[in-house]
Each structure stands twice: as structure tokens, then as C-alpha cells.
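Comments concern the structure below.
4 protein chains.
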Amino acid sequence: MITVGIVGGTGYTGVELLRLLAQHPEVRLQAITSRKEAGQRVDALFTSLRGHVDLAFSTPEEAALDRCDLVFFATPNGVAMGQARALLGAGVRVVDLSADFRIRDVALWEKWYGMPHACPELVASAVYGLPETHRKAIAGARLVANPGCYPTAVQLGFLPLLEAGVIDPAVLIADAKSGVSGAGRKGEIPLLLAEASDNFKAYGVSGHRHHPEIRQELAAAAGRDVELTFVPHLVPMIRGIHATLYGQLRADTDLQALFEARYAREPFVDVLPPGSHPDTRSVRASNLCRIAVHRPPDSDMVVVLSVIDNLVKGAAGQAIHNMNLMFGLEETLGLTQVPVLP
Amino acid sequence: MITVGIVGGTGYTGVELLRLLAQHPEVRLQAITSRKEAGQRVDALFTSLRGHVDLAFSTPEEAALDRCDLVFFATPNGVAMGQARALLGAGVRVVDLSADFRIRDVALWEKWYGMPHACPELVASAVYGLPETHRKAIAGARLVANPGCYPTAVQLGFLPLLEAGVIDPAVLIADAKSGVSGAGRKGEIPLLLAEASDNFKAYGVSGHRHHPEIRQELAAAAGRDVELTFVPHLVPMIRGIHATLYGQLRADTDLQALFEARYAREPFVDVLPPGSHPDTRSVRASNLCRIAVHRPPDSDMVVVLSVIDNLVKGAAGQAIHNMNLMFGLEETLGLTQVPVLP
Amino acid sequence: MITVGIVGGTGYTGVELLRLLAQHPEVRLQAITSRKEAGQRVDALFTSLRGHVDLAFSTPEEAALDRCDLVFFATPNGVAMGQARALLGAGVRVVDLSADFRIRDVALWEKWYGMPHACPELVASAVYGLPETHRKAIAGARLVANPGCYPTAVQLGFLPLLEAGVIDPAVLIADAKSGVSGAGRKGEIPLLLAEASDNFKAYGVSGHRHHPEIRQELAAAAGRDVELTFVPHLVPMIRGIHATLYGQLRADTDLQALFEARYAREPFVDVLPPGSHPDTRSVRASNLCRIAVHRPPDSDMVVVLSVIDNLVKGAAGQAIHNMNLMFGLEETLGLTQVPVLP
Amino acid sequence: MITVGIVGGTGYTGVELLRLLAQHPEVRLQAITSRKEAGQRVDALFTSLRGHVDLAFSTPEEAALDRCDLVFFATPNGVAMGQARALLGAGVRVVDLSADFRIRDVALWEKWYGMPHACPELVASAVYGLPETHRKAIAGARLVANPGCYPTAVQLGFLPLLEAGVIDPAVLIADAKSGVSGAGRKGEIPLLLAEASDNFKAYGVSGHRHHPEIRQELAAAAGRDVELTFVPHLVPMIRGIHATLYGQLRADTDLQALFEARYAREPFVDVLPPGSHPDTRSVRASNLCRIAVHRPPDSDMVVVLSVIDNLVKGAAGQAIHNMNLMFGLEETLGLTQVPVLP
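Here's what the structure looks like:
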């Protein structure tokens, strides 16, 4: 059994970690911290967990996180980088679901996240936690930077094309759409049902924090720098990301075969049959990414459709996948839930 | 292992049975029938099941249902009553998720369902499949009539009060609200997103088929006939039933203690702390019923709030609970999913 | 032309007043105040108003409200009672969309609203602004207390029955459902799309501020005190209230004729044909209340279904109706929009 | 007064025409035809129209459409082309909201719409009803082909760029998103709330009927053929289209000034300030198109965001705009509704 702690358990990635870890056969939940909710039972805040999670929120001081085998950070950006060093020093492994260790260029990170990095010396040793590209490194990692939700969906869609060199890396477009839980459990007016439902809009066209993260990893896949136009949109739904990706072909190739071969041994990436249009509900509440690849008639454009559940494959599920890899467990342990449809 | 067949697997109760049975450790799915979809892979119709259900729909003739241990009917009303006799004769046990065997008074059934009953001689031996009231009989049953979704939510809310005789059985009001999946997977205009979303309405005030079913079972609990006003409403959500129940107290009693005692040993009924307001999402995709009981200030009225997922505790989950009872398995086997929130 | 000011124009009743007043042929909008947004253009906050409202928010000091003919208060409870006296003294008429002047019993108001009343001497002279019951008094009023949204829907449904004395005033039940805009434009977690959509729940069963308001007015209609059980619910939709009302008949009467006669000359109350189930979208964005009355078979219960748009007939539209009455304009002026469906 | 008939009044464009025409000061509605609903009152099918439309559906034979000044076809594709000749011969002007006369290349039309064209000789004289490009021709037209919803949003976004020659016409991408009412009022399973809500997906990547229509008109704007990748998506909302458009700049230019100049005199196109992200609700139930133009940092890509209400500017409102032009009325007559927000 792995003894696990969670820092920051009151957001959507926190409650999703709890939902999944409560069903994981090799995990013992030791503590969940929240300064604000300390003392309150977890299942009083999240009624869905009644009967499944028998813990109260604790302060970081009470939580004895240094006695855990692994600590997940489900915190706002800027928290994990302040606590990781001490935990790692105590022999605890860390999976950070926030952005603190995702970007290797510290100056770039500081520009986008608007604060000095508290722990730059750990950035180089942190492993980017996308198993489909960094599986081996994750298995040996002490500190894993769990990818963002948009970056997961976009990378999995572009990777086969860039690795094979069949599209022009200088003209990549990612038109991405996310359910509102991606914005977090925060009392902000634009996220109200009365504002966001029966509505659709883009945001962040002039710049989004996930852009440098995606670009860094796509460049690694392409073996050279890439140019990416990334436009996120807000969809009136709770969960789900749909990335519609556009690339310009520079070589004729069997796209379907390329994708199927790339992901043949990946347990959480499902390449759909030709002509498919994955919908986000087909992965709802599961750790799957489903992908379809299209080449519109009379066109040199390739269109990739990639869907994930932003809270699972885009956050908590991927974090548990990383945990399984770090502790030598079967990769899919605790992550085989059937998507909930309808 | 129990060998299981499903008749009518293309509706919402069918796909939900598949989602749950695919994760059940003691079940082997033998066949799923659908004349209309015969030959098509199940996971082509329901992409969510890719990797979990490796079957194609078959015709009833191909399905060899008489070699199953148990057959679930997830069919429109009127189908199960035509096929149950032969299956039971072949030693197969049957759980009917439709209404064919729920009402003991055959003439009353025929009035509400608008057709002659094809198998009236089996009605008396069918067991009404609400485990919280008929557990023992279900364990010995060959034919179980799985309750309707509204009846499950309404009965579980009223039962403690009627069994204890603390409310007037002559004035019961059930104001019930259901998500649209309760109406089935049918291409009908009033169920379109463009019609039913951002909207709320009552229906069937002059009479609904679940009324006689609820009344029959509440009368059994009360030990006398009851008068019930039942008003169903359509909520712009996918899953979930919320029943708001009103009764007039005729004895002073500790309502909270009454409910907690009644359901203390029920694995799927959760009585919330005093002052709670259960929301339907707190049971989403799980087999739970959560209940809160209120007595408004300066009033002799008791208000009970009862929520279920109509497709699980109101249909497929309850059917599997019944299967577990019928085959002597642990009651909760395959039914311990944590609700999906948000 | 009536010169109009709005205090508190940043909430949903505020923007709805602006939408309707911008189309009113006899209104000139002079000022909209908001301390927080002072200086910002109204159409920068509410893009929908671009081209229709050419004003910036102003501070109360700049707004010169004492030179208006009428001031609407679209403020949180507790604001209007602090400013009404001065405005009335300057000859300005006031329509308060908050609760400050709705309840005649000041001690009762203070108990429910949790603050001392700043202006108790004006309560007696304030007129409750439900035109269907107080039309004449409104026409002569200087200060109108615009009704709450739930109270409007509930009263219009119960009035014909109580005025005619055909139901027992000691056992009234109002099971009411509201879209989330009824909770206001506030950044609160339970109102997020990720929390409130695909979900349904009751709230305030142990007591809601609209209860004493409804009871006061129903008692006036009945000519005696009434007992009311009022349970509000939150519906995952933006606009709309659906009140399902239950009463016990004590006299046999033609209910349909009773309702049609009561509302025959009311321009904003529409009694539907027998057997109807009004849906909230049938009044979306309009000032209408649609009502259907049912008597379930073999029952002494009457069930009334009453729907309004909470922001129009339940707030801004009714306020403008009151303005029309106060200034001797045609009642329906500026309020004849066709409901938006789908 | 213009005497108007509507053929096919039971779909969403039909009821939207009725909503808008009922408020138009220069229109007298003579007849609405529907074979299926003949004899039924319009306001029985669409309760929202009670008090506003006092007509019953009639058969085409009873409707005496040849005595109208104008007939709107709000029919499935293939109907208008069978009836237009006779009406035009009788001196009636026609606005066809279906696709029958939109594509000038009859063979291309037949390929995409899968039927022979019944009236090819009228195609050349039909005027494409986008006032922003064909205003003068519309004013003199007898037969107007009202544009599709996607084509309206996409064209208005690309026009300034193509007319000015500042983007490469060989690489245009339109990633478009539509609410479900765009699919019509049809009882189809994928459009059910239980299927389409809390979900997002693309469709028709391999080809959509609006592609040739958009391409034809963009080519006219560019003065040469264009290459367009068009990917439509289904959004879980009722109304609204959001087109996210991508083009590659080949000249440095002040994009904001370009758009503002192009639409300076257009009453229904609103260019938002720099940095804006229009949301679909900002035009809900109105005839407006709102547009924002972006150039992401360090990029030669231009991103245009264009939103309309698919039933108004994308269908019924634009049709009435065309009517106003055809009859020499003020362009905006009957079309100045303020968008409904929230």
C-alpha cells in the first residue's frame, strides 16, 4: 500500500483525486490539507464522498506529509514550489498537478505566471508527466510535473504527426474547447451558470499560460521549434476538452495507420476508426483520450479531433497514472472506470 | 460466474446495465439483443464502451438466452410479458426493468398501459424488486419486477413515515422532478436539447403510469389504502430524480431518528444529517438514494427530500442489486462506484 | 417622457431594467449608479446593450437622482430604505425592486432580513406592487414595493382560489422552482455552472425570506391568516420560475371558469386551456404569467401550475408595469415583447 | 402594409419568423402553411405566441399565397424550388430560407443536396441575401436566397480581410460552433438533451453542405478561388454560432481599422474594441453579428471571432432584413430588439 497525502483538496482536481483514489486498491489516504476547511469532514463539503472517504481536512502542520510515500499537490500555482524541496528531502515523492514545474525555462515560467520561481533548482530534475512521451523518466522520477488539461489533449493529437515529420511545424493551429470545471472551483461571475450556460465564447486569444507548455513539448516531439496558434474556448458543460487541431501536410502518408501505430500500446489513448467524430461524453469520468484523424477532401490539411475529460486524463487520472508508474504498479490500476454515458 | 443476457440493449437502461455489468466481477455477458441493431458492435453505437464490451447486438434467435442464468429485460413495456414464460420454463431467472410485472391488479395494469396483459398468471409470482422492502422474497424469486424510477425515489422517502404510522395516509403529495434520460432514448421533439434545456415544466398531472405502482406499494407499507397526489416534472439535466414529499404529521416523533433507524442497515440508502438538502449530483452514476427529512417551523407538515440517479438506483443498478440478491452474492458487488461530482 | 434613474445597475434585475427601458417609448434614462463600476460604460459590462444604452455608471453623487421623475432601486436589500426618504422628499417617485418595503410588519421584516429597518415610517405608505391585486393603489403611489419573484408566481396561482374561498387556507403548499438568475449576479460557488448544471436540489426548507411576504398577501386575499408550506428549488436554467401549488378543495366549483374570470382583464396573466402544462420558456424574456389549473382524478386536491420569467414579471417587467400605472401610461407600454422560444 | 405568407411554419426558423413578424409594424401575416398541422392554431403548437399570432396553420391550397406580396419559405431543402416559379409568376416576391437557390453552380448544388434541381432556370436570377455584400441587388430582387447560418458568420468575419487582400486566400480555416437549434426541430436522437448536453463534438469534417456556399461567396469577395477548411461543431446550447477564423497575413495592416471601416455603415454588424471576445449570448435573439479581430503575439496569423444568433441573423432576422430592402422600408424596421442577457 502506498501512503498518500493531498495538499489542497477543495478544488475540482482535489475532489477528483479523492474519487479515484478511494477506489484504488493500493492506496491508503493519510491526509488532505486545506487551511480554510481544516477540521471539516471531507464528505461534508463533497456529499458525493459519503461512505467512501473517512477523513477531515487538516492543516499542513497536522498532516505529517513527510511520512507519506507520495504527495499530490492539487493547489493553485505557486504553492508546490514552496513545499516540494522539504518533502523530497524527507524522501517523499511528489506529483504536482499545478504548473510550477512544467516549464523548463524558468524565466519563461516567471513571465507567464507573474511571480518569481521559489525553487528553480528543482525544475531541471522534474519530469513532465505525460506517460505517452516520458514513461521511462516518470518511472524513475522523484518529482513529476503533471501536464495541463489543454496540453494533454493538444499534444496527444499532434504527436504522431510531428514525430513522423509529416506536417509543417511552423503552422500549427489548436482550436480548443473546455468545460467550465477547467477554470476551477472559484466564485467568479463569468463561471456562473447564469453567465456561462446557453453561451459560447473564446478567451485568451492574445495569450494563454498553456501556450508555452504545449510549445515546449511539441518542439521536443518535432525536434525543432514550432509555431502554434492556440485559441481556447469555454463550453457550457461541466467536464471535457475537445481539441480541433489543424496542420499542413508536407508528405503523403496513411494518417490512420500512423496514429494507430503510435498508440498501439497505450492503454489510455484510443484511436477511433476512420471518419469518426469523438464526443467528450465518450470519455466522461474516465482516463481516456479518444482521437480521430481526418483529411478533408481535396486538401493538404490534416484535422485531428482529440477529446479527454479535463479532470481525469487532464488532471487527477493522469496524476494517478504517474503514481502507478513511479511505484511500479500496473499502469491502469484504479483507472479502468467505464465512461459515464449518457 | 453468472451468465447474463440483456434483451433490448439500445436504450439508456440498456447502456447503463452494460456500463455496470462490464465492471461486475461475477458476471459474464453472453448476449445483447436488438432486432434493429443486430450485427452492429455495441461499442460502435456507444463509444463509451470501447474496450469494455466486446459484443455485437444479436437477434433474439441467435442470442440463446435460454442458456443464460439470468436475463434482464431493458425493453419497452409489453415485451417482457411475452417472453418471460419461456425463459422461466427453461430455468432462466428474469429481472424485468419495464413495467410488465409491477402491478398486482392485472385489470389496473391493463387500464394504465393500454394493452391486454400477455401473461397474467405470472404476475402473482413476480416479486417487486425494491430490496429495502422485499429483500427476502427477491432472494428466492425467479421473476423480479424492477421498480420504476419515480416509485423508487418516492417510496424510499415515504416508507419510514407510513410504516411508523406518523403521517396521514389520506393526504400524500409527491412533487417529483426527473432528468430527461427518464423519458428514454427516443427521437421525440419535446426531449430535444433545443426544447427541454433552459426550461422547466410539469407533465401528466391528470395521471401518470407510476401513480398506481407507487400507491400499491405505499398502501402495503401503510397497511391500508393511501391517497396520493403525484406531479412529475421535467428538469433540464441528463440524470437524476428529486422527489419532494409532503405529509401531515399526526404524531410527534423524532423524524431524524426514525429515518436513521429504518435505513441503518441499508447499503444504498443514506440518511443525511438534519437540515440537509441533497442534490441529485451527489448520487450521479451511483446506486445510492440520499434522503433528508425536514419539519418546517410552526408546522405539522413533514417534508422529505429524496434523490436517486434514475438510471442506476432507479433502473440498472437496482436490477443488479436484485441479481446479487437472487444469486446469493454480496449485495453491493459491482455497485460501489463513487458518485461523479462535479 | 419620464426621466428615470436606476440605483444599482450591475445585477441581473438592473441589466433587465436596461433592456426593457431602452425599448420603452416614454422613458429617458438619466443615470445608472454603481459605486464599484463608476466611470465604466454600461455597454462595456453588458455587451448586449451596445447601441442601445449610451451611458456610463455614475456615483450616486453625480447621478442627480433628485431630478428624476422616477428612481428604480435594483439594489441588495437594505439600500433603498436608506435613500427613499430623501428622494420622495424631492418629489421623486420610487419603485424598489428589493425587499425593503414589502412586509408591513416591521418587526417581522427585521427578523427575516437580519437588520434594523432604516425607514419604518414609510412602510405603511408603501404600496405592494402586484398590479393584479393593488392596481388602484399603485396608480396613486409615491413608493412601490415591487414583489419578489417567487411571491409573484405563487400569489397569481393561489389568488382565484383564496378570493373565492374554495380551498382550505390552512393547508397550502407551494413547491417552487427557480432558474439560477434568481440568486443574483454574485460570484458564489453553488451558482457556478460546474456546480449547478446537470443538478437539481431544494434549499431553504427550514425558512425562506419570501415566505412571510407570500403569507401576508395570501392572507389579504383570503381574508384570514393562512398556513403555507413553501419549498424552493434550484433548476439548472438561467431564467424562469415554475410554481406547483397544492390546495384542498372544500367546495365543488368550475376551476377553469374561476381562473378565466379572475384574469379576464389582466393583460399579463394568461390562463391556459384545460389540461395544459405551461413551460417556463413560453414566457421567457416576457412579462407574462401563464397558469393552468388541474384537479387530478378522484381527488379533492387542486393543482395549479404557474410560470413567470423571474427577471421580467418577477422583477424588472413588473416594475415597469408599476411605472406605467404610476404615470398614467398604457399599462402594457414597452412590455409587449413576444417570448423567445426556442 | 406588406401581406406576408410563410410556407412551413413548424420549424425553428418558422417560429422565429413569427416572433419577429408579429412585432413588425409594416407586416400583415396572411397565412402559415403546414400540411401536417393544418387546422391547428399556431399558438397551440407554440404557446409563446399566444396573444401575438391569431392564425391557424393552413394547407397550401387554402393559403392563397398568390395573393401575398411576399412569401417566406421556411421549409426543408427541395420545397421552395418546386413552388417558386408559380409564385413569382403571380407577382409574389419570395425569400427562401432554405438552400435551394444559394449555389449558382447547379451541378454542384445537386451533388451536395442529393437531388435534381427542380428549377435551375431561376438560380441565375436569385440574389444571395447577405445585405452586407448584395444590398443593391436585394433591393431589386424578386427571389432572394437567404444565406445559411454558418455562411453568414463565416463570411462576415473573413470579408474585410479578403476584400482588402491582406490574407492568403489559399489557406482559410473556419472552426465553427453552433447551438443545436441549427439542426432544426426534428426528433433525432443525437439532438436529445440527454445526448447533446454536457457534451461537445465536431461533425461533418469530411464535408458539409455549407462549405460550397461559403466558398462561392468568399471567392467573390477575394476575386479568385479560395481554399477553405471548414469544421462545424455542436455546442450544448439552444441558439448561437461562434466562428473562429484563421488566416495567414501577407501584408501588415491595421486590422482593427480595416474591420471598423468595412462595417461602419452596417446596422447589424458590430466590430468590438481591440482585445474583445464576443460571446454568443451578446447577440441572443437579436439580428446582430459581433466581431473581434486578433493578431496573436509574434505571429502572422489573424484570428477573427464572429458571433450571431443562428435563428435571427443566421435565418429569420436576415430574411426580414431582406424583405425590408426589397420593399424599400427602413432596413432595421422590426429588427431592433435588444439581445436577451442573461
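Protein chains in written order, with this note's numbering: chain A, 24 to 365; chain B, 24 to 365; chain C, 24 to 365; chain D, 24 to 365. For glycine and all other residues, C-beta sits at the position ideal for the given N, C-alpha and C.
Original post:
What does a CB cutoff of less than 7 Å around F350 (chain A) pick up in its chain, not counting 5 residues either side in sequence?
Top reply: Counting from one through the first sequence, the residue named residue 350 (chain A) turns up at place 327. Taken in chain order, the residues that qualify are I25.
Original post:
Can you check whether the CB of S309 (chain C) is closer than 7 Å to the CB of Q360 (chain C)?
Top reply: As a first step, residue 360 (chain C) is located in the third sequence; it is residue number 337 there, counting from the start. As a first step, residue 309 (chain C) is located in the third sequence; it is residue number 286 there, counting from the start. Contact flag set, yes.
Original post:
Taking the alpha-carbon positions, what's the G31 (chain C) to S57 (chain C) distance?
Top reply: The residue given as residue 31 (chain C) occupies position 8 in the third sequence. The residue given as residue 57 (chain C) occupies position 34 in the third sequence. The alpha-carbon atoms of G31 (chain C) and S57 (chain C) are separated by roughly 5 Å.
**OP:** Measuring only between beta-carbons, confirm whether D221 (chain B) sits less than 7 Å from chain A.
**Re:** What you label residue 221 (chain B) is simply residue 198 of the second sequence in a count that begins at 1. So yes, D221 (chain B) belongs to the interface.
Original post:
With burial defined as no fewer than 16 other Cβ atoms inside 10 Å of the residue's Cβ, what is the status of S17 (chain B): buried or exposed?
Top reply: Here chain B comprises residues numbered 24 to 365, so residue 17 (chain B) is not present and cannot be evaluated.
**OP:** Note down, one range per segment and in chain order, each beta strand (DSSP E) of at least 3 residues found wholly within the stretch 139 to 179 of chain C.
**Re:** The DSSP assignment places complete beta strand (DSSP E) segments of no fewer than 3 residues inside the stretch 139 to 179 of chain C at 166 to 168, in order along the chain.
Subject >> Coarse secondary structure for M260 (chain A), derived from DSSP in three states >> reply: Walking along the first sequence from the start, residue 260 (chain A) turns up at place 237. Looking at M260 (chain A) - three-state DSSP - the assignment turns out to be coil, as it is neither helix nor strand.
**OP:** Out of B:L182, B:W132, B:I261 and B:L52, point me to the one whose CA is closest to K200 (chain B)'s CA.
**Re:** As a first step, residue 200 (chain B) is located in the second sequence; it is residue number 177 there, counting from the start. Checked all of B:L182, B:W132, B:I261 and B:L52; the closest Cα to K200 (chain B) is B:I261.
Original post:
For V203 (chain A) and chain C, any beta-carbon pair shorter than 7 Å?
Top reply: Start at 1 with the first residue of the first sequence, and residue 203 (chain A) comes out as number 180. Output row for V203 (chain A): interface = yes.
Original post:
Nearest CA to the CA of K224 (chain C): which residue from C:L88, C:P255, C:Y173 and C:R90?
Top reply: Within the third sequence, residue 224 (chain C) is the residue found at index 201, counting from 1. Minimum Cα-Cα distance from K224 (chain C) among the listed residues C:L88, C:P255, C:Y173 and C:R90 corresponds to C:P255.
Original post:
Considering only residues of the same chain and omitting the five flanking positions on each side of G230 (chain D), which have a CB-CB separation below 6 Å?
Top reply: As a working mapping, residue 230 (chain D) is identified with position 207 in the fourth sequence. The beta carbon of G230 (chain D) sits closer than 6 Å to no other beta carbon from its chain once the five residues preceding and following it are set aside.
**OP:** Assign E39 (chain D) to one of two classes, buried (16 or more other C-beta atoms within 10 Å of its C-beta) or exposed (fewer than that).
**Re:** Here residue 39 (chain D) is taken as the residue at index 16 of the fourth sequence, counted from 1. Under this definition E39 (chain D) is a buried residue.
**OP:** Please determine, among C:Q106, C:E289, C:D293 and C:V326, the residue with the shortest C-alpha to C-alpha distance to H344 (chain C).
**Re:** Within the third sequence, the letter at position 321 stands for residue 344 (chain C). Measuring C-alpha to C-alpha distances from H344 (chain C) to each of C:Q106, C:E289, C:D293 and C:V326 identifies C:E289 as the nearest.
**OP:** Grab the span of the beta strand (DSSP E) containing V27 (chain B) for me, first residue to last.
**Re:** As a working note, residue 27 (chain B) is residue 4 in the second sequence. In this chain, the beta strand (DSSP E) harbouring V27 (chain B) covers I25 to V30.
**OP:** With a threshold of 16 other CB atoms inside 10 Å of the CB of A284 (chain B), please say whether the residue is buried or exposed.
**Re:** Residue numbering aside, residue 284 (chain B) sits at position 261 when the second sequence is read from its first letter. Per the 10 Å Cβ criterion, exposed.
**OP:** Using alpha carbons as the reference points, say which of A:L184, A:G227, A:A164 and A:E144 lies closest to Y173 (chain A).
**Re:** If you number the first sequence from 1, residue 173 (chain A) lands on position 150. The option with the nearest alpha carbon to Y173 (chain A) is A:G227.
Subject >> C-alpha gap between K336 (chain D) and A113 (chain C), whole angstroms >> reply: As a first step, residue 336 (chain D) must be located in the fourth sequence, where it is residue number 313. As a first step, residue 113 (chain C) must be located in the third sequence, where it is residue number 90. Rounded to whole angstroms, the gap between the alpha carbons of K336 (chain D) and A113 (chain C) is 46 Å.
**OP:** For chain B, find out if any of its Cβ atoms is closer than 7 Å to the Cβ of V228 (chain C); answer yes or no.
**Re:** Counted from its first residue, the third sequence places residue 228 (chain C) at position 205. Yes, V228 (chain C) counts as interfacial toward chain B.
Original post:
How about N169 (chain C) and I264 (chain C): are their beta carbons less than 7 Å apart?
Top reply: Counted from its first residue, the third sequence places residue 169 (chain C) at position 146. Counted from its first residue, the third sequence places residue 264 (chain C) at position 241. Cβ distance not < 7 Å, so N169 (chain C) and I264 (chain C) don't count as in contact.
Subject >> Unbroken alpha helix (DSSP H) run spanning Q239 (chain A), endpoints >> reply: Translated into positions along the first sequence, residue 239 (chain A) becomes position 216. Note, Q239 (chain A): alpha helix (DSSP H), H233 to A245.
Original post:
From B:I29, B:S322, B:E133 and B:F96, pick the residue whose C-alpha is nearest to that of V65 (chain B); which is it?
Top reply: Taking the first residue of the second sequence as position 1, residue 65 (chain B) is located at position 42. With distances taken between CA atoms, V65 (chain B) lies nearest to B:I29 out of B:I29, B:S322, B:E133 and B:F96.
Original post:
Which two residues bound the contiguous beta strand (DSSP E) that contains A315 (chain C)?
Top reply: For the purposes of this step, residue 315 (chain C) is identified with residue 292 of the third sequence, where counting begins at 1. Per DSSP, the continuous beta strand (DSSP E) segment holding A315 (chain C) begins and ends at C312 to H317.
**OP:** Anything in chain B within Cβ reach of E218 (chain C), meaning under 7 Å, just list it in chain order.
**Re:** As a first step, residue 218 (chain C) is located in the third sequence; it is residue number 195 there, counting from the start. One finds P365 in chain B with Cβ atoms closer than 7 Å to the Cβ of E218 (chain C), taken in chain order.
Original post:
Do you know offhand how far P81 (chain D)'s Cα is from L179 (chain A)'s?
Top reply: As a working note, residue 81 (chain D) is residue 58 in the fourth sequence. As a working note, residue 179 (chain A) is residue 156 in the first sequence. It is Ser, not Pro, that sits at residue 81 (chain D) in the sequence shown. Using only the alpha carbons, I get a separation of about 55 Å.
Subject >> chain A contacts from the stretch 317 to 332 of chain D (Cβ-Cβ distance under 7 Å) >> reply: Listed by position, the residues of the stretch 317 to 332 of chain D near chain A (Cβ gap below 7 Å) are H317, P319, P320, S322, M324, V326 and L328.
Original post:
How is A187 (chain C) classed by DSSP in three states: helix, strand or coil?
Top reply: Locating residue 187 (chain C) in the third sequence gives position 164, counting from the first residue. Correct three-state label for A187 (chain C): coil.
Subject >> Spatially closest choice to L153 (chain C) from C:E354, C:L295, C:V115 and C:A193, by CA coordinates >> reply: In the third sequence, the residue the question calls residue 153 (chain C) occupies position 130. The shortest C-alpha separation from L153 (chain C) is found at C:E354.
Original post:
Is G263 (chain D) near the ligand SAH, judged by its Cβ being under 6 Å from some heavy atom?
Top reply: This structure simply doesn't include the ligand SAH, nor any ligand for that matter.
**OP:** Please say whether A244 (chain B) and E155 (chain B) have beta carbons closer to each other than 7 Å?
**Re:** Here residue 155 (chain B) corresponds to residue number 132 of the second sequence, with the count starting at 1. Here residue 244 (chain B) corresponds to residue number 221 of the second sequence, with the count starting at 1. No, the Cβ-Cβ distance between E155 (chain B) and A244 (chain B) is not below 7 Å.
Subject >> Listed by chain order, chain B residues near I264 (chain D) by CB distance under 7 Å >> reply: One-based indexing of the fourth sequence puts residue 264 (chain D) at position 241. Under the 7 Å cutoff, chain B gives no residues; its nearest Cβ is about 14 Å from I264 (chain D).
Subject >> Interface flag, T70 (chain D) vs chain C, CB-CB below 7 Å >> reply: Reading the fourth sequence from its first residue, position 47 is the one you call residue 70 (chain D). Chain C, which has a Cβ nearer than 7 Å to the Cβ of T70 (chain D), makes this yes.
Subject >> C-alpha gap between N222 (chain B) and I331 (chain C), whole angstroms >> reply: In the second sequence, residue 222 (chain B) corresponds to position 199, counting from 1. In the third sequence, residue 331 (chain C) corresponds to position 308, counting from 1. One C-alpha to the other measures close to 11 Å.
Original post:
Does DSSP put F282 (chain B) in a helix, a strand or coil?
Top reply: As a first step, residue 282 (chain B) is located in the second sequence; it is residue number 259 there, counting from the start. Three-state result, F282 (chain B): helix.
Original post:
What residue from C:R42, C:T70, C:L311 and C:D191 has the CA that sits closest to D302 (chain D)'s CA?
Top reply: Indexing the fourth sequence from 1 puts residue 302 (chain D) at position 279. Cα-wise, what sits closest to D302 (chain D) is C:T70.
**OP:** Could you tell me which chain C residues have their CB closer than 8 Å to the CB of V258 (chain B), listed as they occur along the chain?
**Re:** Taking the first residue of the second sequence as position 1, residue 258 (chain B) is located at position 235. The contacting residues are F223, V258 and P259.
Original post:
Are V249 (chain C) and P213 (chain C) closer than 7 Å when you measure CB to CB?
Top reply: Looking up residue 249 (chain C) in the third sequence gives position 226. Looking up residue 213 (chain C) in the third sequence gives position 190. Between V249 (chain C) and P213 (chain C), the CB-CB gap reaches or exceeds 7 Å.
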